[in-house]
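Numbering (the working numbering), first residue to last: -12 to 147.
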């Protein structure tokens, strides 16, 4: 298939997927100086028995290499008041390393809808991403009246 045609299909896919609303979450992995986090919206529950979660991570992201080495991750489901947090962790200026844990405890956890803690079970190729399958070791749901943060039409928004 010619490169021009592949690029066109990729562009079309991106445009069409913007029509599909998804939840927004923060993926966290690593410890100490290697601790990192990133905003994700490619996340799905795979199985309840055993409890499994799948996340998609771009090969070139720092989180990809750290997750492969650390073999564990947590996912914070973001609430509708956490758009700034989602933008921050989608940028190059996000907190990392030793400062990350304190930042997440202070600014992310209070507004999150839930935290899922996972141990890595498998990694699957997915084009320019890898699909990380985790066993869900713990679930902590917040008691919150907030709704979810959504990504739709290229924008972050609450559920309307």
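Heads up, the beta-carbon is just placed ideally off N, CA and C, and yes, glycines get one too. All values derive from a computational prediction rather than experimental measurement.
The Cβ-Cβ distance between residue 75 and residue 98 does not fall below 9 Å. For residue 50, no beta strand (DSSP E) encloses it; the enclosing alpha helix (DSSP H) starts and ends at 49 to 57. Where residue 72 is concerned, the enclosing alpha helix (DSSP H) starts and stops at 70 to 76.
Counting along the chain, the unbroken alpha helix (DSSP H) around residue 87 starts and ends at 87 to 90.
Within its own chain, the residues whose Cβ lies closer than 8 Å to the Cβ of residue 128, once the five positions on either side in sequence are excluded, are 100, 101, listed in chain order. Here the C-alpha atom of residue 5 lies approximately 29 Å from the C-alpha atom of residue 55.
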